[in-house]
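Numbering (UniProt numbering), first residue to last: 1 to 197.
For every residue, glycine included, the Cβ atom is placed at its ideal position computed from N, Cα and C.
If you're wondering where the values come from, they're calculated on a predicted model, not measured in any experiment.
So the structure is just underneath, and the comments pick up after that.
Structure below.
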């Protein structure tokens, strides 16, 4: 097996095991020993790629972001290009952001609680920047395909959408029973901005 294939396989094992543990137990109670046992990887194999469980948690966030981008881009490549298909990808993602049991929401809140640790601050910064970058790319793609007007500012709109989505994530962790704004409302708001209405 080539080194790159071994790396991908090890990371996949780590991610799969960690996600299973996150679903079952949450961030705080998981140890590196748990991850070693669940992934069936040695301590050396794991520490060759990461220094802590928090880095693996960050990979879980990053993987989700890349998966959403992949789904969005697959939808954009369909012919004919429409506004509704890619917007549906975004809308379905927004619905997950208000789910208190969503593991990536839990991971994000856990990592935000450790933002004073420099490696985690860097991970969070990269996650935010990547979120804005993807959002900007999505808007630019819509403009290139003629389904989003040129009058929409990709930089400001992308950052505003990321801030709103982060708000949904944070709210999902609060003990709130009723809300006036749901993910579908945010999706409709985003669609009206992107259509220039």
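| Query | Result |
| --- | --- |
| Only counting the same chain, and skipping five residues up and downstream in sequence, which positions put a Cβ closer than 6 Å to that of residue 187? | 91 and 94 |
| Less than 8 Å separating the beta-carbons of residue 123 and residue 191? | no |
| Rounded to the nearest angstrom, what separates residue 142 and residue 195 at their Cα positions? | 10 Å |
| If you compare alpha carbons, which of 173, 130, 106 and 88 is closest to residue 184? | 88 |
| From residue 48 to residue 19, what does the alpha carbon distance come to, in whole angstroms? | 20 Å |
| For residue 34, I'd like the list of residues in its chain whose CB is within less than 7 Å of its CB, leaving aside the five on either flank, ordered along the chain. | 21 |
| Where does residue 78 fall in DSSP's three states? | coil |
| Answer with buried or exposed for residue 136, where buried requires no fewer than 16 other C-beta atoms within 10 angstroms of its C-beta. | buried |
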